[in-house]
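Undergrad: Right, I'll just put the structure down here and ask away after.
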């Protein structure tokens, strides 16, 4: 899973809950799913690692490039 120039997403499928965190900590990707696929929390920032992506999308971090703060 880590032998790629990109790091967009990865996943773990297991019936052993104790193994999920052990394995997911080793995966170098912007998103790691455990026993599911392609589920996103729209409030969470998303972005790949390595050569995938140029920043974050979603959440407060993803909105900041589009926001101009104005004092009133």
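Residue numbers (the working numbering): 1396 to 1467. A virtual CB, placed ideally from N, CA and C, is assigned to each residue, including glycine.
So residue 1474 packs on residue 1426, CB below 8 Å; how close in whole Å?
TA: The displayed coordinates of the chain run from 1396 to 1467. Any statement about residue 1474 would go beyond what the structure contains.
Undergrad: Label residue 1402 either buried or exposed according to how many other C-beta atoms from any shown protein chain fall within 10 Å of its C-beta, with 16 as the threshold for buried.
TA: buried
Undergrad: Can you name, in chain order, every residue of its own chain whose Cβ lies under 8 Å from the Cβ of residue 1432, other than the five neighbours on each side?
TA: 1406
Undergrad: For residue 1406, report the span of its alpha helix (DSSP H) as first-last.
TA: Note, residue 1406: premise wrong, no alpha helix (DSSP H); beta strand (DSSP E) at 1404-1407.
Undergrad: For residue 1434, report the span of its alpha helix (DSSP H) as first-last.
TA: Counting along the chain, residue 1434 falls outside any alpha helix (DSSP H), and DSSP gives it neither H nor E.
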